[in-house]
Each structure stands twice: as structure tokens, then as C-alpha cells.
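Trainee: Following this message is one structure expressed as C-alpha cells.
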């Protein structure tokens with residue numbers, strides 16, 4: 157009978173349910189929108205605590221579970237998608253908590269190469285000319301929660317994953333936010349990172365740091381003042397349409413407050429060391445842990461919106477020009493720490509994709525398990541179009557029915573065999 161049960165079809169294998177999403181899907185913005193297989197439809201690509209690389213595809217009228225690869229390493233929360241070899245096909249970069257970075261071919265999901273034995277939690281990833289040599293590199297940021305700095309920055313060749321350069325910033329434990337840009341207009345690219353430093357009680361230290369790498373030398377060009385909490389999310393763009401690049405970041409720590417910030421390079425002075433970046437804006441308290449962050453013109457009004465999700469389970473939307481609150485969602489679910497924006501269903505409108513769900517790790521009682529969901533909201537109307545996830549009671553019921561029918565069939569077969577044996581015994585007795 158046990159053999160029969162093992163042969164049961166997994167009717168929920170391709171259902172987007174709690175099991176498929178896994179614990180804490182898309183945490184630290186490890187959920188992306190991209191047409192990875194070039195079929196004309198967008199895919200959602202994300203990692204989870206258990207270490208699975210999952211994809212969900214828009215199939216014209218509904219969302220369907222697609223790839224479910226793993227388990228790889230736990231805490232698979234470093235996900236980025238780039239065409240790293242410029243061949244017209246995209247690659248998926250997946251960094252896990254065990255210190256391994258894998259590069260997947262998005263067409264067949266084979267591993268191109270993997271880079272092992274990095275410092276734990278490879279959650280910060282970027283791609284570009286980070287060292288100003290005219291060639292692009294994969295940049296990885298690592299580090300975990302300790303009471304002393306432990307984060308590393310690595311630069312790898314995108315062709316074969318060979319290490320080109322690495323350094324220990326000296327003031328970072330968790331480097332989960334990395335951007336490459338000429339942020340100060342000096343014609344050289346800078347590496348802009350968000351860091352968290354100490355594990356101690358609230359408030360934890362957090363900084364934005366800017367480095368310039370030339371050859372085998374790096375220089376720290378700027379460090380912000382202590383922002384009181386891990387700077388987990390960071391974007392660089394002209395958010396307000398004034399023609400200048402801004403750093404948009406968000407931070408927070410455990411149950412404490414959390415904030416969003418905008419910094420801009422200023423020749424007239426500012427704050428930090430040296431005081432060359434002006435803090436243009438600091439939000440009201442939107443914590444705890446407002447780590448989900450993405451920016452786009454979600455309502456097609458010509459102005460960017462800053463969209464942020466927090467641990468409490470709310471989405472905040474800020475006007476990118478005035479920085480005023482445009483909308484705050486009702487409670488959606490705790491640990492809403494993955495945000496990505498894009499036209500997922502091809503209707504010409506941008507959707508807000510919000511990944512939600514906590515986890516219970518070893519000895520980690522700061523983020524209890526909650527049932528995972530991926531919410532898809534209309535960017536203009538702010539209504540939930542889809543809530544993917546939750547428990548699939550229908551498939552469970554179907555499996556139970558199948559098991560019951562198999563049990564009944566098994567008992568029926570056993571009864572028939574037993575009854576037939578008795579008849580044969582009686583016949584043999586009479587014949588004697």
C-alpha cells in the first residue's frame with residue numbers, strides 16, 4: 157500500500173500554493189519581472205528560504221507555476237537577471253546563504269557556472285563596469301549579522317566567474333544593496349552600497365557607502381552618517397525628473413522604526429564624510445523593516461512613484477517629485493519585503509508585485525513563519541488583482557479522495573483474493 161501511495165501523482169506540483177512559494181519568497185527584493193524565455197510573456201523569478209529558484213509565468217489569462225529548481229542553498233535571496241555575455245539571452249544570477257553564487261542559462265535553466273566558498277549570504281548583486289576598465293563585471297556583496305564588520309565585495313568575470321578583485325569595506329556586515337553608476341558626474345563609475353553593521357539592540361547601525369575602483373585599487377569616496385538600521389534596499393535614478401541622479405534607499409531594524417531617504421551629490425556641501433551628498437528627503441516612520449523597494453511611474457502620470465513594503469505588511473507609495481504619501485495599503489500580510497514593478501500581464505499598465513511571508517530559521521525568532529503570498533496590484537487603482545499562494549485545499553481534498561479510493565480498491569482486491577482462496581479450498585475438500 158505504501159508503494160501505491162508513493163506512486164500517487166503530485167496533483168499540486170504545478171499549483172501556486174504555500175508549498176510552491178516556500179518560506180519568505182522574494183525577500184530583500186529577490187523577485188524580478190522579465191521575459192526570460194523570450195516567449196513574449198513576462199515571468200516572475202524569485203528565491204525563497206528553502207533554497208528553491210522558482211518562476212511563475214503569465215499564460216495569457218492566468219498565472220501558472222513553471223520552474224521549481226532546487227534545493228540549492230538556504231536563504232536564496234540574491235536574484236538578478238542580466239545578459240552578462242551579450243548574446244541576446246538573459247542569465248539568472250542566484251546567490252544563497254551558504255556562500256554560493258550560481259549563474260543559470262534562462263533558456264534551459266542549466267547552471268553555466270557556480271562560485272563557491274564566498275562569505276555567507278550572497279544577497280547583493282549588480283552587473284556593470286565596476287572597476288572602470290571598460291569591461292563589465294558581476295559584483296557580489298555578502299555578509300551576515302555579526303557584532304563586527306564581516307561583509308565582502310567581490311568582482312567576477314561574467315564569462316567564467318573568475319575572481320578579478322575583492323575587498324573588505326571594513327564597516328559592513330550585510331551588503332544586500334549594490335548599484336553601479338557615475339553618481340557624482342566625474343565620468344567614472346562608482347559602487348554604491350547599502351550596509352548594516354551591528355547585530356545589537358535597536359537601533360542598529362546602517363550606512364550608504366560609495367567606492368571608486370580603478371584597477372586593483374579602491375577608494376571610499378563617501379560614507380553617510382549613521383542611518384540607524386540596515387540599508388537593505390537602494391536604487392539610483394533620476395527619481396524627480398530634474399536631470400540629476402539620486403540615491404533612493406530604505407532602512408530599518410527588527411521591531412524599530414524604518415525610513416526611506418533620498419540623497420543627491422552636491423558641490424555646495426551636504427552631510428556625511430566628506431560632506432558632499434545632500435539628504436533631499438527623509439520619510440516619516442514607515443517601519444519596521446521597510447526593505448521592499450522599487451521605483452517607476454506606476455500610474456502613467458509622468459512622475460515616478462517610490463513603492464515600499466515593510467515587515468508589518470503594508471505597502472507605502474510616495475510621489476517621486478513631492479515625496480508626499482500617495483497611498484498606504486490595508487494590511488496584506490507580515491514580512492512584505494520583496495517589491496518589483498512592471499507590466500506583468502501585458503495589458504499596458506504597470507503592476508505592483510509584492511512578495512510576502514516570514515520564515516522560522518534556526519534559533520531565529522525575529523521573523524516567525526507566516527503563510528506566503530505574492531500579491532499583484534493594479535498600479536493605478538491600487539486594487540489587488542491576484543493573490544497567489546496560500547494553502548490549496550482543493551488539491552489536498554483531491555489527494556485524500558484518491559488515497560481513499562486506492563485503499564478501497566486495495567481492500568477489494570484483498571477480499572477477492574481471500575474469497576477465491578476459500579472457494580478453492582472448499583472445492584479441493586469436496587473433490588477428496
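In my numbering, the protein residues as written are 157 to 588.
Note that beta-carbon positions come from the ideal geometry of N, C-alpha and C, so glycine has one too.
#1: Suppose you measure from the CA of residue 300 to the CA of residue 486; what does that come to, to the nearest Å?
#2: Have a look at residue 183 and residue 565 and give me their C-alpha separation to the nearest angstrom.
#3: Quick check on DSSP: helix, strand or coil for residue 271?
#4: From residue 195 to residue 353, what distance separates their C-alpha atoms?
#5: Can you give, in chain order, each stretch of the beta strand (DSSP E) that sits fully within the segment 489 to 531 and has at least 3 residues?
#6: Rounded to a whole number of angstroms, what is the C-alpha to C-alpha distance between residue 186 and residue 443?
#7: Under the DSSP definition of a beta bridge, which residues are partnered with residue 484?
#8: Closest by CA to residue 396, which one among 419, 385 and 177?
#9: Check this for me: beta carbons of residue 383 and residue 409, under 8 Å apart or not?
#10: Return the bridge partner residues of residue 347 from the DSSP annotation.
#11: Exposed or buried, residue 164, counting other C-beta atoms within 10 Å across all chains shown (16 or more means buried)?
#12: Identify which residue in 292, 247, 458 and 189 has its Cα closest to the Cα of residue 263.
#13: What separation, rounded to the nearest whole angstrom, lies between the Cα atoms of residue 533 and residue 180?
#14: Can you list, in chain order, the residues of its chain with a C-beta nearer than 7 Å to that of residue 400? Leave out the 5 residues immediately preceding and following it.
#15: Could you please give the first and the last residue of the uninterrupted beta strand (DSSP E) stretch that includes residue 247?
#16: Check whether the segment 281 to 288 and the segment 366 to 384 are in contact - that is, three or more C-beta pairs closer than 8 Å.
#17: For a test of the three-state rule: what should DSSP assign to residue 377, helix, strand or coil?
#18: In angstroms with no decimal places, state the Cα-to-Cα distance between residue 235 and residue 432.
#19: Counting along the chain, where does the beta strand (DSSP E) carrying residue 298 start and finish?
#20: Alpha carbon to alpha carbon, how far is residue 339 from residue 229?
#21: So, is residue 173 buried or exposed, given that buried needs 16 or more other C-beta atoms within 10 angstroms?
Mentor: In short, the structure shows the following:
#1: Along the chain shown, read from residue 1 onward, the residue named residue 300 stands at position 144. Along the chain shown, read from residue 1 onward, the residue named residue 486 stands at position 330. Straight through space, the alpha carbons of residue 486 and residue 300 are spaced by roughly 32 Å.
#2: In the chain shown, the residue the question calls residue 183 occupies position 27. In the chain shown, the residue the question calls residue 565 occupies position 409. Linking residue 183 to residue 565 through their CA atoms gives a straight-line distance of about 45 Å.
#3: Here the question's residue 271 lines up with position 115 in the chain shown. Of the three classes helix, strand and coil, the one that applies to residue 271 here is strand, per DSSP.
#4: The residue you call residue 195 lines up with position 39 of the chain shown. The residue you call residue 353 lines up with position 197 of the chain shown. Cα to Cα, the separation comes out at about 43 Å.
#5: Counting whole runs of 3 or more residues, the segment 489 to 531 contains the beta strand (DSSP E) stretches 494 to 498 and 507 to 512.
#6: Numbered from its first residue, the chain shown carries residue 186 at position 30. Numbered from its first residue, the chain shown carries residue 443 at position 287. Approximately 19 Å between the Cα atoms of the pair.
#7: Within the chain shown, the letter at position 328 stands for residue 484. DSSP output for residue 484 lists 472 as bridge partner(s).
#8: As a position in the chain shown, residue 396 is number 240, starting the count at 1. Checked all of 419, 385 and 177; the closest Cα to residue 396 is 419.
#9: Residue mapping note: residue 383 aligns to position 227 of the chain shown, counting from 1. Residue mapping note: residue 409 aligns to position 253 of the chain shown, counting from 1. Not closer than 8 Å, so no.
#10: Along the chain shown, read from residue 1 onward, the residue named residue 347 stands at position 191. DSSP output for residue 347 lists 336 and 367 as bridge partner(s).
#11: Start at 1 with the first residue of the chain shown, and residue 164 comes out as number 8. Because residue 164 sits at a pLDDT of 36, beneath the cut-off of 50, its placement in the model cannot be relied upon, and the following sentence gives the value as read from the coordinates. Counting Cβ neighbours within 10 Å, residue 164 comes out exposed, since fewer than 16 surround it.
#12: For this step, residue 263 is matched to residue 107 along the chain shown. Nearest option by C-alpha distance: 247.
#13: Along the chain shown, read from residue 1 onward, the residue named residue 533 stands at position 377. Along the chain shown, read from residue 1 onward, the residue named residue 180 stands at position 24. Cα to Cα, the separation comes out at about 19 Å.
#14: If you number the chain shown from 1, residue 400 lands on position 244. Counting only Cβ-Cβ distances below 7 Å, and skipping sequence neighbours, we find 394 and 420.
#15: Here residue 247 refers to the residue found at position 91 of the chain shown. Residues 247 to 251.
#16: yes
#17: If you number the chain shown from 1, residue 377 lands on position 221. Correct three-state label for residue 377: strand.
#18: Within the chain shown, the letter at position 79 stands for residue 235. Within the chain shown, the letter at position 276 stands for residue 432. The straight-line gap from Cα to Cα measures roughly 32 Å.
#19: Translated into positions along the chain shown, residue 298 becomes position 142. Note, residue 298: premise wrong, no beta strand (DSSP E); not H, not E.
#20: Position 183 of the chain shown, counted from the first residue, corresponds to residue 339. Position 73 of the chain shown, counted from the first residue, corresponds to residue 229. Approximately 34 Å between the Cα atoms of the pair.
#21: As a first step, residue 173 must be located in the chain shown, where it is residue number 17. That one is buried.
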